[in-house]
Every structure is written in C-alpha cells, then in structure tokens.
Amino acid sequence: MSPDGTSPETLAASTPTVSRRVAAGSRMRRALRGASVPLILLVAAALLRAFSFAAAVIDSDEGLYMLQAREWLRGNWPLDAVWDMHPVGAPALFAAIMGLLGEQIWVPRLLGLLGTWLTAWALYAMVRFATAPPAIGLAAGLLYLAHTTLLGGLATNTEVLFAPLTAWSMALGLRAARRALENNEAPPFRKILAMGVMIGFALAIKPVAVFEGCLAWLLLVGPAWWRGLLPTSRVLLYAVAYTVLCASPTLLFGLAYWVRGHLDDFVVGAFLAPMRYAGARVGLLDAGRYTLIAAMILFWAFMLVIPAVARPRVKQGPVALLRRLAIVWFAAATAAVVMPGMYFQHYYLIWIPPLSLLAALGARRLARVARPSLVVLAFAVIVGGVATDAWRSSTIPRLYSAIGLGSPDPVRAVARAVRQEIEPGEPIWVVNYHPAVYVLAKAGLATRFAFPDQLVGRYWSVTGIDPNEEVERILSTNPQVIVVDRGWWPNVRPRIAAMVDEALQENYDLVAAVPEERGPVEIWRLK
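Residue 28 in the working numbering is what sits at position 19 of the sequence shown, and the numbering runs on without skipping anything.
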C-alpha cells in the first residue's frame, strides 16, 4: 500500500491514463501554438500594411493589372485587349479577387496583404519543418512582413504575388531534405505534384521564379537520391513530371488563347516582349548602384546576416540546415533579380524571404551573447527593433505626403474629373499617367497599349509595333477625354508629344488640371 492507501495495482492501472492525458494536453498546446502563429502573422501583416490602403496608386504596374483584370471579367482578355509584357498570372489573380469583392482599390491591396501573410507563414513553417526553435520562424515572418513595406512592396506587384508559392515550395523541399537525411525517407510523388503546381503558377506570374523553382526541386529529391533512397530512373521520372507540371499553367493559358484565335498576342506578350525588354539591359555600373541602394534600404537586415554566417559555431542540426538553405536561396533570389536586367526596386523584394530567414538566425546568435535569463528579451528587442525601423522608414514618407490620409489624392481627383466628362465605358486615352485612372473613372480604352511607357515612352520597342502609327490611330478615333501629365511630358517621345499637342489644340478643350508632385495633370475634353 502507498502512504495514501492506494494499492500498487491501482497505481499501475492509472499510470497509462495519466500518461495519455499528459500527451493529449501536450498535443493540444502544440496545436494551439501552431494555430496562433498564423493569426499573429495575419494581424501583423494587417497592421504593417495598413497604409497601403490609403493611396490610389503606389506602383503603376498594379494599376495595369487592375485594368487587365477588369477587362477580363468583361470578356476582354489580357494581352489582346490590354497589352503587357508579362504573363497573365498576375491579372488572373487580380480578376479572381476583383470578381469576388469588386473593383475598388482596397481589393488588390487585400490580395497583397494575403500574399505577404502566406509568405511569412511559409517562413515559419520552414523553421518548424527543420525542427528549429519556433521563435526563429516567428521572427523571420515578422521581419519579412516589415521589410516588404519597403522597395515598393506595399503595392501588389508580381514579386508579392509569387513569393508565397516559391516560399512554400522551399518549405516542402526543406522538409523532404531533412526526412531523407535524418529518417531515410524518400519524398512521395504527391510532393512533386504540389510543388509543380505552385512553381508552375509562380512562373505564370513571372518567369524569374525559375531559379527558386529549380532549387526547391533539388531540395526535394537531391538528398534522397544522394542517400540512395531514390533510384536515378525515378529521379528522371520526377524531373519530367515536375517540368510538365511547371509548364502546365502557361501551356493551358496558351491553349486558351489559341482557341480564341489570339495565340500570337499571347506569345508576343508572355515571351517575345520580355526577351526584348531583357535585351536592353542597364550597364554594370548602374546595376551595381541600384543594388547598393536596395542593400542600403535593407541595411539592418543585412547587418543581422553577418552574425548568422560569420564563423558559425553550430555546424550541424536544424539551425545549420536553415542557414545553408537561406544562403543558397538568397543566391537563387539574386539570379531572379538580375534576370530582367533592369533593377527596379520592387525586383529586390525577391531577396526578402531568404534575407529575413538569415536575419532571424543572426538575431538569435546576437541574443545568445546576453545572460541566459535575458536571451529571450534580447532576441525580441533585436527583431522588434529591426522590424520597427523598416516599417518606420516606409511610413514616414506616406505620413508626410498624407495622400489618402487627409490630403487630396491626385489620381482619385483626376479620375473624378474624367468621370464628370464621360458616360461609363466611354473610351478615353491616358497618354502618360497612371492606368488606374481607367478603372477609377469607369472609362473604356482608346488603345490596348494602356501602359504609357510601352507606347509613348522609353520601352516602346518591346511591343513590336510602330508607336507613331498607333498614336495616329488613337487620335483619329477622337477619344472623349485625353489625360496628359505635364510633369512627365519631357519623357514622352518628341514626335508623339507634338502629335498629341496638335490634336489637343485643334479638337479638345482643357476642362481641368489637377496638381501633382511634378506638375499639373491636364484633362482635355473633345470639343
């Protein structure tokens, strides 16, 4: 008998029950913790990206995708109805969410919020798949969310849209690599299917995802093949299947265009035009300058990379696995940045997922310098300080201009002025201002070349048409309204500028002028 009168037999019988209860409680706590992290990241994404919902335009590309999506929902497909030099994955996502929620500006911004949240969640999942401390994953996710408010990341651009697809593919690849190395498990074919679908749609958004797609596949099958868990014949079969899956979204889009009789528009917009664009690469000196600027904008994140990679003390285990993956991933991301050859700031958003993972590892190593009782606090202060500084850097200019936060929004003002002069759906021509005006003003298009730089600006050669002939055609149709941004007028090709000015003087009246940062935006109405 025990001191409390319980027999040994009773104790023995109750022990499994107690153990099951303890195990169930432990599983419940893990489940709650696992569910809480995505919610924390979602709240953080909403708070950090709150100012993205204020201004009508953050990046002109976003307005073009909105316009393509609006027309697609009306039966007018991208590339043949609204031209661009990108695949149609981005307008497809825009059309999906706009079809559900409407054509307001907040709708694509919500899409961007969801995209960054899913990417942050993927970084957390990656850390958990590596069996590293969950705090590293939460830190990586928060750092990612904060730094995507920089470099034009508040706009819902292609880099924001395909990031969750590549990040979750990396997470699947890492999990498969760890299981192959530690448990001698080969990846099942369903993982190939899942990764192929994700990378396939990422490529349909922007082909630069090819580098991360290749790395994810190598992670998925490479360690298993190296350990002899996958025969070479099966690896080759997986490679063929993965290639087909990656190509499938683009091929299906191409098939749809072929059925509609517009395959040539698809081939030019999705393939030939991007190659023409990449052929006019900036010089090496300018590329280095733009890259240095991006690195300086991400300064504190890069500073945290130093303790993560400099003479690491941990050479094996989950943290070492994450460090090696992040380094190789950053190299693949750099190749994706370089591929188009133009180095716009939003291209460098591709850096941020692996950079955030490395920064979180660096913050962990710095925090461990503190006394054991202060390590958690030090880690939180480092991560919180760097994340807050990134958010502060992106927020100050928006608070200063206050566009959409009390001060007039020029783009919305232009759209209101246009709307007063037309019937809904009536064609207008926005010569060299934001394509979002078409959507906000509920206007039709006088030309399918709605992105100004591709018709009247410096990238006219990517279209494969004679821009002068297209401008003559537009002016001959006498659009009801023509919008001209005088601040950017010197960037319009001289012959086209002269043609437009002559038409305005002969056939149009100036009905409004909206102040912009660079100069007035004029709204001209047909006489």
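C-beta: ideal position from N, C-alpha, C; glycine also. Model, not experiment: these values are computed from the prediction.
Assigned exposure category for residue i - 16 Cβ within 10 Å defines buried
| i | result |
| --- | --- |
| D494 | buried |
| Q463 | buried |
| A319 | exposed |
| F103 | buried |
| T486 | exposed |
| I315 | exposed |
| W267 | exposed |
| S416 | exposed |
| T241 | exposed |
| D295 | exposed |
| S45 | exposed |
| D308 | It is worth fixing the name first, because residue 308 is Phe in this sequence and not Asp. Classification for F308: exposed. |
| P196 | buried |
| M312 | exposed |
| A340 | exposed |
| I505 | buried |
| V378 | exposed |
| A521 | buried |
| D475 | exposed |
| M284 | exposed |
| I114 | buried |
| Y447 | buried |
| R332 | buried |
Integer Cβ distance of residue i from residue j, believed to fall under 8 Å
| i | j | result |
| --- | --- | --- |
| P100 | A78 | 5 Å |
| Y442 | V423 | 7 Å |
| I391 | A372 | 4 Å |
| T175 | L154 | The pair is not a contact, with the Cβ atoms about 17 Å apart (cut-off 8 Å). |
| A342 | P363 | 6 Å |
| V219 | L227 | The pair is not a contact, with the Cβ atoms about 13 Å apart (cut-off 8 Å). |
| L88 | G278 | 4 Å |
| P216 | P96 | 7 Å |
| T158 | S403 | 4 Å |
| L370 | A317 | 4 Å |
| G205 | A250 | 7 Å |
| L202 | L261 | Their Cβ separation, rounded to whole angstroms, is 16 Å, which puts L202 and L261 out of contact at 8 Å. |
| V471 | A282 | 5 Å |
Residues of its chain near residue i, where Cβ-Cβ distance is below 8 Å and the 5 sequence neighbours each way are ignored
| i | result |
| --- | --- |
| M508 | N477, V480, E481, L484 |
| D13 | The pLDDT assigned to D13 is 47, lower than 50, so where the model puts this residue is not dependable; a value taken from the coordinates is nonetheless given after this. Nothing meets the Cβ criterion. |
| G466 | N441, N500, V501, R502 |
| T140 | R187, P327 |
| V337 | L224 |
Residues near residue i by beta carbon distance below 7 Å, same chain, minus five either side
| i | result |
| --- | --- |
| E525 | P419, D494, G496 |
| V116 | I106, M107, L110 |
| A376 | V384, A387, F388, I391 |
| T128 | Y153, A172, P173, A176, P362 |
| A455 | P436, I437, W438, I483, T486, P488 |
| I306 | L159, L160 |
| A445 | A65, V66, G72, M75, V420 |
| L132 | G146, A149, G150, Y153, A176, P362, S365, L366 |
| N516 | N487, L535, K536 |
| A90 | E80, R457 |
| L406 | Checking the sequence shown, residue 406 turns out to be Pro, not Leu. So the list is empty, once near-sequence residues are dropped. |
Contacting residues, own chain, Cβ-Cβ under 6 Å from residue i (five flanking each side not counted)
| i | result |
| --- | --- |
| V523 | P419, A422, V423, V530 |
| P461 | N441 |
| G182 | A225, L228, L229 |
| D518 | R534, K536 |
| P258 | G209, F210, A213 |
| V244 | V230, W234 |
| F458 | W92, L464 |
| W400 | L57, A155, T158 |
| S69 | H443 |
Cutoff 7 Å: residue i Cβ touching any chain B Cβ
| i | result |
| --- | --- |
| L370 | The chain labelled as chain B is not found in the depicted structure, where only one protein chain is given. |
Exercise for review: Say whether the region 179–187 touches the region 152–166, bearing in mind that this needs 3 or more beta-carbon pairs closer than 8 Å, one atom from each stretch.
Suggested key: Result no; under three Cβ-Cβ pairs closer than 8 Å.
**Study point:** Stretch-stretch touch, CB-based, cutoff 8 Å, three pairs: the region 53–71 with the region 80–87
**Key:** Taking 8 Å as the limit for Cβ pairs, the verdict is that the region 80–87 does not touch the region 53–71.
**Study point:** Uninterrupted alpha helix (DSSP H) stretches inside the region 121–193 (no shorter than 4 residues)
**Key:** Runs found: 143–156, 167–192.
Check your understanding: Pairing CB atoms from the region 150–162 with CB atoms from the region 350–363, are three or more of them under 8 Å?
Key -> A contact exists between the region 150–162 and the region 350–363.
Check your understanding: Can you list, in chain order, the stretches of the alpha helix (DSSP H) that have 4 or more residues and sit fully within the region 44–103?
Key -> Within the region 44–103, the complete alpha helix (DSSP H) runs of at least 4 residues are 69–82.
**Study point:** Whole runs of the alpha helix (DSSP H) within the region 236–312, excluding any shorter than 4 residues
**Key:** Runs of the alpha helix (DSSP H) inside the region 236–312: 241–269, 272–276, 282–288, 293–306.
Exercise for review: Check whether the region 380–388 touches the region 307–322, taking contact to mean three or more Cβ pairs, one atom from each stretch, closer than 8 Å.
Suggested key: No, the region 380–388 is not in contact with the region 307–322.
Point to revise | Three-pair Cβ contact test at 8 Å for the region 115–125 versus the region 225–234 | key: Touching, no.
Exercise for review: Would you list, in sequence order, the uninterrupted alpha helix (DSSP H) runs of no fewer than 4 residues that lie entirely inside the region 209–240?
Suggested key: The alpha helix (DSSP H) runs of length 4 or more contained entirely in the region 209–240 are, from start to end of the chain, 219–235.
Review point. Going along the chain, which unbroken runs of the beta strand (DSSP E) with 3 or more residues stay wholly within the region 405–450?
Key: If we require 3 residues or more, the beta strand (DSSP E) runs fully inside the region 405–450 come out as 436–439.
Review point. Which whole runs of the beta strand (DSSP E) in the region 327–378 are 3 residues long or more, in chain order?
Key: Segments of the beta strand (DSSP E) lying fully in the region 327–378: there are none.
**Study point:** 3-residue-minimum beta strand (DSSP E) runs that sit fully inside the region 467–513, ordered along the chain
**Key:** Counting only runs of 3 or more, we get 490–494.
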